[in-house]
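Residue numbers (the working numbering): 15 to 149.
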């Protein structure tokens with residue numbers, strides 16, 4: 015299957031990150047979202063949570079990762095939180111009310127993800143992004 019957006023030479027690619035979330039306990043079910051059909055890029059397609067890397071993503075501390083890798087990992091976690099409401103952390107997560115407020119602020123562009131992350135004292139490591147459930 016081909017689409018015009020795949021071959022648009024006039025638009026330079028932007029740094030982006032995505033997550034593949036799999037529930038091994040449910041036969042390997044994978045989380046996909048469906049993009050709004052009105053969106054120019056991949057409108058109506060089913061996609062993994064993800065999106066562009068923002069400048070603020072470099073301000074999210076990621077233990078065990080070099081700065082370039084860290085910003086991509088932070089972007090993937092941020093996009094998953096914004097799009098699906100799923101926050102991946104190492105250690106205790108902020109309570110549900112704090113997560114709802116932060117997600118609303120992010121979507122309304124009232125706060126930066128790094129502000130929420132530091133305020134919540136959430137942890138993110140390279141291992142967070144590659145571990146298996148329960149392990």
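No residue lacks a Cβ here, since even glycine has one placed at the ideal position from N, Cα and C. From a predicted model like this one, the values you see are computed outputs, not experimental measurements.
Where residue i sits in the DSSP three-state scheme
| i | result |
| --- | --- |
| residue 129 | helix |
| residue 70 | helix |
| residue 76 | coil |
| residue 91 | helix |
| residue 47 | strand |
| residue 107 | coil |
| residue 64 | strand |
| residue 138 | coil |
| residue 150 | No answer is possible for residue 150: it lies beyond the span of the chain, which begins at 15 and ends at 149. |
Straight-line gap, residue i to residue j (C-alpha atoms, nearest Å)
| i | j | result |
| --- | --- | --- |
| residue 66 | residue 85 | 11 Å |
| residue 112 | residue 24 | 41 Å |
| residue 31 | residue 117 | 18 Å |
| residue 82 | residue 114 | 29 Å |
beta-carbon residue i near the ligand NAD non-hydrogen atom, thresh 7 Å
| i | result |
| --- | --- |
| residue 66 | Absent from the structure shown: the ligand NAD. Ligands present: none. |
Neighbourhood of residue i by C-beta, 7 Å cutoff - its chain only, sequence neighbours within 5 removed
| i | result |
| --- | --- |
| residue 33 | 62, 63, 64, 90, 94 |
| residue 70 | 126, 127, 128 |
| residue 49 | 56, 57, 58, 59, 61 |
| residue 51 | 57, 58 |
Nearest-angstrom beta carbon gap, residue j and residue i [assumed within contact, 8 Å]
| i | j | result |
| --- | --- | --- |
| residue 74 | residue 54 | Not quite, the Cβ-Cβ distance comes to about 28 Å (not below 8 Å), so this is no contact. |
| residue 107 | residue 101 | 6 Å |
Own chain residues within Cβ distance below 6 Å of residue i, not counting five before or after
| i | result |
| --- | --- |
| residue 130 | 116 |
Those residues which DSSP pairs with residue i across a bridge
| i | result |
| --- | --- |
| residue 56 | DSSP lists no partner for residue 56. |
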